[in-house]
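Visitor: Okay, handing you the structure first.
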Amino acid sequence: MIALQRRASPSRLMGYLAPVLALGCTLVAGLILFALLGVPVGLAFHAYFIEPISSVYGLSELAVKATPLVIIGVALSIGFRAQVWNIGAEGQLILGGITGAAVGLFFYEVDSWYVLPLMILASVLGGMVWAGVPALLKTRLGVNEILTSLMLTYVAALLLSWLVAGPMRDPDGFNFPESRLFHDAALLPRIVDGTRLHLGAVIALGIVVAGWLLLSRTLLGFALRVNGMAPKAGAHAGFSQTRLVWIALLMGGGCAGLAGLFEVAGPIGQLLPSISPGYGFTAIIVAFLGRLHPVGVLVAALIMALSYLGGESAQITLNLPLAVTGVFQGMLLFFLLAADVLINYSFVWTRKATQQVESL
0 MIALQRRASP SRLMGYLAPV LALGCTLVAG LILFALLGVP VGLAFHAYFI
50 EPISSVYGLS ELAVKATPLV IIGVALSIGF RAQVWNIGAE GQLILGGITG
100 AAVGLFFYEV DSWYVLPLMI LASVLGGMVW AGVPALLKTR LGVNEILTSL
150 MLTYVAALLL SWLVAGPMRD PDGFNFPESR LFHDAALLPR IVDGTRLHLG
200 AVIALGIVVA GWLLLSRTLL GFALRVNGMA PKAGAHAGFS QTRLVWIALL
250 MGGGCAGLAG LFEVAGPIGQ LLPSISPGYG FTAIIVAFLG RLHPVGVLVA
300 ALIMALSYLG GESAQITLNL PLAVTGVFQG MLLFFLLAAD VLINYSFVWT
350 RKATQQVESL
């Protein structure tokens with residue numbers, strides 16, 4: 000029989016090259032998929048990867064879609080390094096959008112500079128509160144944060160649907176499930192005329208720098224990394240695992256909530272039944288594709304943002320289903336995980352069916 004055996008010393012170089020190999024395999028598999036669908040490979044490659052970023056507007060859209068992925072991905076990568084698995088960033092994004100929008104609608108007729116900062120603060124707090132639920136259950140009752148954070152995503156989505164169809168519905172919107180359009184004071188400033196590129200992109204870059212400084216230059220970052228690599232050693236050194244769980248989850252929730260606000264106060268401009276195409280889930284792929292490093296997350300977010308734009312372009316140009324985007328993202332995650340398995344494990348042959356094989 001074939002078994003997997005952990006390598007004594009996995010290649011560090013291959014660890015860094017794994018995302019590149021995964022991207023290459025995804026590209027090849029994607030082109031094969033296009034050929035099976037009867038689409039000319041060259042035309043499909045151009046429509047999916049070249050056409051979306053062939054203009055200034057296209058590049059600005061790439062940055063717009065990468066912004067929430069960067070913000071959430073950096074925060075999740077820090078938590079994952081500490082072995083805190085926040086899988087519910089999508090729900091925290093939704094709550095951030097709801098709370099930020101509520102403040103903007105409350106000050107609907109106020110044209111003042113303080114409206115947007117209050118919305119930002121409310122969105123961060125909203126995301127943190129939603130992430131605080133799995134943190135509380137994890138630290139008090141030992142409940143797995145993967146399950147609780149994920150399940151809360153669906154609660155958040157249902158809450159959003161109820162709000163836009165009820166209490167937060169536009170009174171002049173002919174009963175459509177949407178809020179009022181935000182006042183100009185509640186919208187993020189555009190930084191490039193004629194595009195949707197907003198101030199949130201600059202803040203996302205700041206979060207990348209802040210994440211790098213946190214992990215490499217602070218005691219808290221060291222504690223988070225130690226807790227992930229050797230929890231017992233961290234506890235012996237005096238690092239509170241309960242405190243680190245709270246910090247990791249609240250950090251992820253706050254950043255996800257901020258990303259939610261940047262969507263509703265940026266390209267959308269109001270609260271809708273759906274304010275995200277799944278950025279919170281895609282950011283998990285971004286975090287691992289970026290090797291849990293803030294700079295790597297930035298590069299990975301641009302790649303995943305291109306998959307969104309490419310899917311839309313392929314839908315318009317080649318009449319392909321928008322689900323192609325999800326297929327590409329799924330293949331990328333599959334090949335990345337496969338590469339990680341081959342880096343850390345080797346195949347061995349054994350005739351003993353009862354031999355213990357280290358599970359993955």
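The numbers in numbering that gives the first Met the number 0 rise by one with no breaks, and the one at position 71 of the sequence shown is 70.
For glycine and all other residues, C-beta sits at the position ideal for the given N, C-alpha and C.
1) Alpha carbon to alpha carbon, how far is A222 from F261?
2) Would you say the segment 169-186 touches the segment 103-110, given that touching needs at least three Cβ pairs under 8 Å?
3) Taking 8 Å as the cut-off, does the segment 243-261 touch the segment 118-134 (at least 3 CB pairs, one atom from each stretch)?
4) Among residues of its own chain, excluding the 5 on either side of R6, which ones have a beta-carbon nearer than 7 Å to its beta-carbon?
5) Given this structure, state the Cα-to-Cα distance separating L75 from P39, to the nearest angstrom.
6) With a Cβ-Cβ cutoff of 9 Å, do V132 and L120 count as a contact?
7) State yes or no: is the C-beta of K20 within less than 9 Å of the C-beta of F334?
8) So, are the CB atoms of F48 and L297 less than 9 Å apart?
9) What three-state label does DSSP hand S10 in the structure shown?
10) Please report how far the alpha carbon of I77 lies from the alpha carbon of D171, in whole angstroms.
11) Can you find the residues in the same chain that come closer than 6 Å, C-beta to C-beta, to V263, ignoring five residues on each side of it along the sequence?
12) Should S178 and R189 be called a contact, given that it needs their Cβ atoms to be closer than 9 Å?
13) Counting pairs of Cβ atoms below 8 Å between the segment 189-203 and the segment 277-289, do you hit three or more?
14) Taking only the alpha-carbon atoms, compute the straight-line gap between A247 and A88 and give it to the nearest angstrom.
15) Can N85 and G252 be called in contact, C-beta distance under 9 Å?
16) For a test of the three-state rule: what should DSSP assign to S312, helix, strand or coil?
17) Can you tell me where the alpha helix (DSSP H) holding F334 begins and where it ends?
18) By Cβ distance below 7 Å, which residues in the same chain neighbour F33 in space, the five residues on each side in sequence not counted?
19) Between which two residues does the beta strand (DSSP E) harbouring Q240 extend?
20) Rounded to whole angstroms, how far is the Cβ of L308 from the Cβ of A299, which I believe are closer than 8 Å?
21) What is the residue span of the beta strand (DSSP E) that R5 lies within?
22) Using only the alpha-carbon positions, how far apart do T98 and G310 sit?
23) Bridge partners for F346 per DSSP, in chain order?
24) Less than 9 Å between the beta carbons of L149 and V142, yes or no?
25) According to DSSP, is R179 helix, strand or coil?
26) Among G90, P293 and T25, which has the Cα closest to the Cα of L214?
27) From this set, A337, L336, L331 and W348, which residue's C-alpha is nearest A28's C-alpha?
28) How about L291 and R80: do their beta carbons lie closer than 9 Å?
29) Taking the alpha carbon of T241 as the point to measure from, which residue in Q91, E144 and M118 has its own alpha carbon closest?
30) Sort out for me which residues DSSP pairs R189 with in a bridge.
31) Are the beta-carbon atoms of L155 and P272 separated by less than 9 Å?
32) Looking only at C-alpha atoms, which of V83, S122, V191 and L115 sits nearest to V55?
33) If I follow the unbroken alpha helix (DSSP H) through I274, where does it start and stop?
34) Does A17 come out as helix, strand or coil in the three-state DSSP assignment?
35) Would you mind reading off the limits of the alpha helix (DSSP H) that contains V285?
36) Can you tell me whether V378 is buried or exposed? The criterion is at least 16 other CB atoms within 10 Å of its CB, across all chains shown.
Guide: From the atom records:
1) Approximately 30 Å between the Cα atoms of the pair.
2) By the Cβ rule, the segment 169-186 counts as touching the segment 103-110, because three or more pairs are nearer than 8 Å.
3) Using a C-beta cut-off of 8 Å, the segment 118-134 makes contact with the segment 243-261, since at least three inter-stretch Cβ pairs fall below that distance.
4) Setting aside the 5 residues that flank it on each side, R6 is surrounded in the same chain by N343, Y344 and S345, each with a C-beta closer than 7 Å to its C-beta; the list follows chain order.
5) Looking at the two C-alpha atoms, the distance is approximately 38 Å.
6) No, Cβ-Cβ distance for V132 and L120 is not below 9 Å.
7) Reading the sequence as shown, one finds Leu at residue 20 and not Lys. Contact check for L20 against F334 passes: the beta carbons are separated by less than 9 Å.
8) The answer is no: Cβ separation not under 9 Å.
9) For S10, the secondary structure class from DSSP, reduced to helix, strand or coil, is coil.
10) Cα to Cα, the separation comes out at about 44 Å.
11) So the qualifying residues of the chain are G96, A100, L270 and I274.
12) No. Outside cutoff.
13) No contact exists between the segment 189-203 and the segment 277-289.
14) Straight-line Cα distance between these residues: approximately 12 Å.
15) A contact, by the Cβ cut-off of 9 Å.
16) Residue state, collapsed to three classes: helix.
17) Annotation: the continuous alpha helix (DSSP H) that includes F334 extends over V323 to N343.
18) Closer than 7 Å at Cβ, skipping near neighbours: V40 and A43.
19) Annotation: Q240 is outside any beta strand (DSSP E); the continuous alpha helix (DSSP H) that includes it extends over Q240 to E262.
20) In fact, because the Cβ distance is near 15 Å, the residues do not count as touching under 8 Å.
21) For R5, the uninterrupted beta strand (DSSP E) run begins and ends at I1 to R5, by DSSP.
22) In a straight line, the C-alpha of T98 is about 30 Å away from that of G310.
23) L3.
24) No, they are not a contact pair.
25) DSSP places R179 in coil when its eight states are reduced to three.
26) Nearest option by C-alpha distance: P293.
27) For A28, the nearest C-alpha among the options comes from L331.
28) Yes, Cβ-Cβ distance for L291 and R80 is below 9 Å.
29) The option with the nearest alpha carbon to T241 is E144.
30) Beta-bridge pairing links R189 to H197.
31) At residue 155 the sequence reads Ala, which differs from the Leu that was named. No.
32) That would be V191, whose Cα lies nearest to the Cα of V55.
33) Careful: I274 lies outside any alpha helix (DSSP H) and carries neither H nor E.
34) A17 falls in the helix class under three-state DSSP.
35) Counting along the chain, the alpha helix (DSSP H) containing V285 begins and ends at Y278 to L288.
36) A question about residue 378 goes unanswered here, because the residues of the chain that appear run from 0 up to 359.
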